[in-house]
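Numbered per the working numbering, the sequence shown spans residues 176 to 450. Each residue gets a CB set at the ideal place from its N, CA and C atoms; glycine is no exception. Input: a single structure, listed below in structure tokens.
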Amino acid sequence: MGTGRQNFPKVVAVTSGKGGVGKTNIVGNLAVSLSRMGKRVVIIDADIGLANIDIIFNLRPQYNIRHVISTEKTLNQVMVESKHGVKILPGGNGFADLTQLNEGEKLNLLSEFETLSDQADIIFVDTGAGISSNVLYFNCACDECIVIATREPTSITDAYAMMKVMSQEYGTKYFKLIVNMVDSAAQAKKVYAALSSALDKYLKNVVLEYVGHIPFDRQLQKAVQKRGLVMDNAPDSLSAKAMKDIAVSLERNPVSTNSNGSLTFFMNKVFQKST
Ligand SMILES: Nc1ncnc2c1ncn2[C@@H]1O[C@H](COP(=O)(O)OP(=O)(O)O)[C@@H](O)[C@H]1O
Ligand SMILES: [Mg+2]
């Protein structure tokens, strides 16, 4: 085994300013697409309060990160695996407690996370919405931060606010953008243009990279009703196809990286931000 960067999983935060913009569905469908491309994918459900990635995978996990913190279970005992082979680490509300961990608990959690290093190529963190500190410290500990926005003015202003706080308070410079629930590529480009012109004006050192857009699609909503992923229930639908394309382009494009560390590095950053 070499010691190159490629041995570490890429940790990707998926976040938004505003809730309900499609983060969880995007994480789930991208994870499945990437796993079909041969990648080993883990999802960390770190959305405190609205942790629900398990629902669209139709899984009912028994344990969560709390059981790892309390050393009742190992990370591998807590993770559940979908029929696609995607592994999910349920957060419950355990990620709210990272600030209160003592040194022993932190070290234990670090070594547990270290075991993920050789089990995953990509780790998605569904971090939840908003600019509360626990969302932010997860976002800026990750290698990549993908922001999800819709055409709604509130979603655009909140996405901007999130990037502003992350760049000013935590020095995060690179973001990727996915625009969800649009009718056309032109609509999505308008959202990107609005955000990047605001960034150019007020936050010159921040780079926002456009990844793609996902159409508004009733098939996706139908899939959610059935506790499923649109990728499984309607693989030929517009939203499923868009997410497949986005998975390919994420895989192809080199990382616009905010860090270059291992998982230990990632967790250490999380702990630092939380103190
Ligand atoms: N591309 C889309 N087309 C239509 N509806 C969507 C789309 N993406 C998300 N939705 C709707 O928005 C709801 C919230 O999505 P979700 O992924 O849970 O958002 P978040 O995780 O950001 O809160 C979904 O249950 C679905 O009804
Ligand atoms: Mg969600």
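Residue nearest to isoleucine 421 within the set Gly197, Lys193, Asn204 and Phe183 is Asn204 (criterion: CA-CA distance). By the neighbour-count definition (other C-beta atoms within 10 Å, threshold 16), serine 412 is a buried residue. Under DSSP, tyrosine 349 shares a beta bridge with Val382.
The three-state reading of DSSP puts aspartate 293 in coil, since its state is none of H, G, I, E or B. In the assembly as shown, asparagine 200 is a buried residue. Its beta-carbon has 16 or more other beta-carbons within 10 Å. Taking C-beta separations shorter than 6 Å and ignoring five residues to either side along the sequence, the partners of lysine 351 in its chain run Ile321, Glu384 and Val386, following chain order. Taking 8 Å as the upper bound for CB-CB distance, cysteine 315 and methionine 341 are in contact here, some 6 Å apart.
Not a single heavy atom of ligand 1 lies less than 7 Å from the C-beta of phenylalanine 288. Sequence-distant Cβ neighbours of glycine 267 in its own chain, meaning closer than 8 Å and more than five residues away, are Ala226, Asn239, Ile240 and Arg241. Shortest gap from the CB of asparagine 227 to any heavy atom of ligand 2: under 7 Å.
Ranking Ile231, Phe288, Ile223 and Asp296 by CA distance to the CA of aspartate 407 puts Ile231 first. In terms of side-chain proximity, the C-beta atom of isoleucine 219 is found no nearer than 7 Å to any non-hydrogen atom of ligand 1.
Here DSSP, grouped into helix, strand and coil, assigns valine 207 to helix.
Contact between threonine 246 and asparagine 283 holds: CB atoms are separated by about 6 Å, below the 8 Å threshold. Taking all protein chains in view, the Cβ of asparagine 355 is crowded by 16 or more other Cβ atoms within 10 Å, so the residue is classified as buried. Looking from the CA of aspartate 358, the closest CA among Leu250, Val207, Phe391 and Arg211 belongs to Phe391.
Distance check between aspartate 296 and each of Met212, Ile353 and Tyr349 places Met212 closest, using alpha-carbon atoms only. The closest CA to that of lysine 214, considering only Tyr367, Arg235, Lys262 and Ala336, is found on Lys262. Just so you know, the alpha carbons of alanine 206 and aspartate 293 end up roughly 17 Å apart.
Its chain contains Lys281 as the residues whose beta carbon lies nearer than 6 Å to that of phenylalanine 446, once the 5 sequence neighbours on both sides are disregarded; these appear in chain order.
Taken in chain order, the complete beta strand (DSSP E) segments of 3 or more residues contained in the region 319-350 are 319-324.
Around the C-beta of aspartate 375, fewer than 16 other C-beta atoms lie within 10 Å, and the residue is accordingly described as exposed.
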